[in-house]
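Taking our numbering, I'd label the letters of the sequence shown as residues 556 to 682.
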Amino acid sequence: MSAYGYHIIQMLITYIEPDEHVKWAMNKINAAARMRVVANEKAEAKKILQIKRAEGDAKAKYLSGTTTKDVMDKVLVTQYFDTMKKIGTSSKSLVVFIPHGPGVARDVAAHICDGLLQKEPSQSLIL
Numbered sequence: 556m557s558a559y560g561y562h563i564i565q566m567l568i569t570y571i572e573p574d575e576h577v578k579w580a581m582n583k584i585n586a587a588a589r590m591r592v593v594a595n596e597k598a599e600a601k602k603i604l605q606i607k608r609a610e611g612d613a614k615a616k617y618l619s620g621t622t623t624k625d626v627m628d629k630v631l632v633t634q635y636f637d638t639m640k641k642i643g644t645s646s647k648s649l650v651v652f653i654p655h656g657p658g659v660a661r662d663v664a665a666h667i668c669d670g671l672l673q674k675e676p677s678q679s680l681i682l
């Protein structure tokens, strides 16, 4: 425009219409970026799923080794220690001789089971 005597100092552009080829290329770039995000999210979901499956398998393998006997032994040991605590903290207890050691709870359980097996069915059980 300077050939005609006009000098453009500043111009306000309100609307740009790029070529169709440029629009297509920009849309492809945006779509590719979104597809990368989708791929990352899918991979993260697969990773979390695989971790949860592995944790479930580990828990199942751990629990499959636990039998009812193991559970009963743990309950018996807990009850044994609760009884020892009550005897020790009671103000009315005198002297009680109870064997104490690692296998005592198992021995007590064996004695109780033997007593129940030898007991006649007509007698009532008092615990």
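A virtual CB, placed ideally from N, CA and C, is assigned to each residue, including glycine.
Because the structure is a prediction, the values reported are computed rather than measured.
C-alpha of K624 to C-alpha of K601: approximately 38 Å in a straight line.
L631 is positioned such that its CB atom lies no closer than 7 Å to that of A665. Nearest Cα to K629 within the set A588, K578, K583, V659: V659. Counting along the chain, A609 sits inside the alpha helix (DSSP H) bounded by residues 575-619.
When DSSP states are grouped into helix, strand and coil, Y559 belongs to the helix group. Rounded to whole angstroms, Y617 and R608 show a C-alpha spacing of 14 Å. The C-alpha of K597 lies about 10 Å from the C-alpha of M590. In this structure, DSSP gives Y635 a helical state, which the three-state scheme calls helix.
Here the alpha carbons of A615 and T638 stand approximately 33 Å from one another.
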